[in-house]
Structures are given as C-alpha cells and as structure tokens.
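**Q** Just passing along the structure, written as structure tokens.
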Amino acid sequence: VQLQASGGGLVQAGGSLRLSCAASGRILGINTMGWYRQAPGKPRELVATFTGGGSTNYADSVKGRFTISRDLARNTVFLQMTSLKPEDTAVYYCYLVDVTRHTNWGQGTQVTVSS
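Residue 3 is where the sequence shown starts when you use the working numbering, and the numbers rise one by one after that.
Have a look at this one:
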C-alpha cells in the first residue's frame, strides 16, 4: 500500500491549507484513515481521523479549525485546515489501518505557518 500526501506549504497565520492523501496498491479494506503530525522536538500526535464506524475524531487543539473528509471511491482522505497558527507547524503524516490492523504511513508533508 502506498500513501501519497500532498498540499503542504508555507502560509501566514490565519491562512488555510488543504492536505490530500491518496492510498493505492493492494488495500485489504480500510479500518481507519487520518492524519498525525510531528513538530520538531515533539512526539507525533493525532490530528484527525475517521474511525472504523465512519465517525471523526479531532485533537482538541484543532477542533473547529480543521475538517477531515474523504472520498471512499478514491481511497482518499483530505484535511482542510483553516485559521492556521504557528503552533500548527509540523510535518503532517497520513496513515491507514487496514482490516488486518496493519498501519501504513505516508511520506509526510511539511506545513509551516509564519506569524
């Protein structure tokens, strides 16, 4: 399984970005799919995800600002990020957990928010 993330970049505080992550290859069914991020010197943290039941979970720090969505036909997940803050600066990784509970990771896309 390959996960191709795109959409990162440099944006000023208050701006918006939209990340995309497309899964391809031999996907044994999707259990969960979503986004983590890792800032320099900090552990990787969950940002937003679709659960196995199709509901969504968000980190408290992004609730009301970020929205996760998906295109099931294209095995693609999106992350719409608005009202970005400098503390959102991180490498964003998409992930997919298949029905065998195996986790696949994308290559990461850099998001930099300037103040």
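Backbone N, C-alpha and C fix where the C-beta goes; we use that ideal spot for every residue, glycine too.
1. Using 8 angstroms as the Cβ pair cut-off and three pairs as the minimum, do the region 11-25 and the region 49-61 touch?
2. Give me the Cα-Cα distance between V101 and M35, rounded to the nearest whole angstrom.
3. For S57, which of helix, strand or coil comes out of DSSP?
4. For Q14, which residues from the same chain have a beta carbon less than 6 angstroms from its beta carbon, with the 5 sequence-adjacent residues on both sides left out?
5. Can you list, in chain order, the stretches of the alpha helix (DSSP H) that have 4 or more residues and sit fully within the region 18-63?
6. Ignore the nearest five residues each way along the sequence and tell me which others in R46's own chain have a CB closer than 6 angstroms to its CB.
7. Buried or exposed: where does A50 fall if 16 or more other Cβ atoms within 10 Å of its Cβ makes it buried?
8. Would S8 and T78 qualify as a contact pair, given that the criterion is a beta-carbon distance under 8 angstroms?
9. Quick one: what's N106 bridged to in DSSP?
**A** Well, looking at it:
1. no
2. 11 angstroms
3. coil
4. S116
5. none
6. Y38, Q40
7. buried
8. no
9. L98
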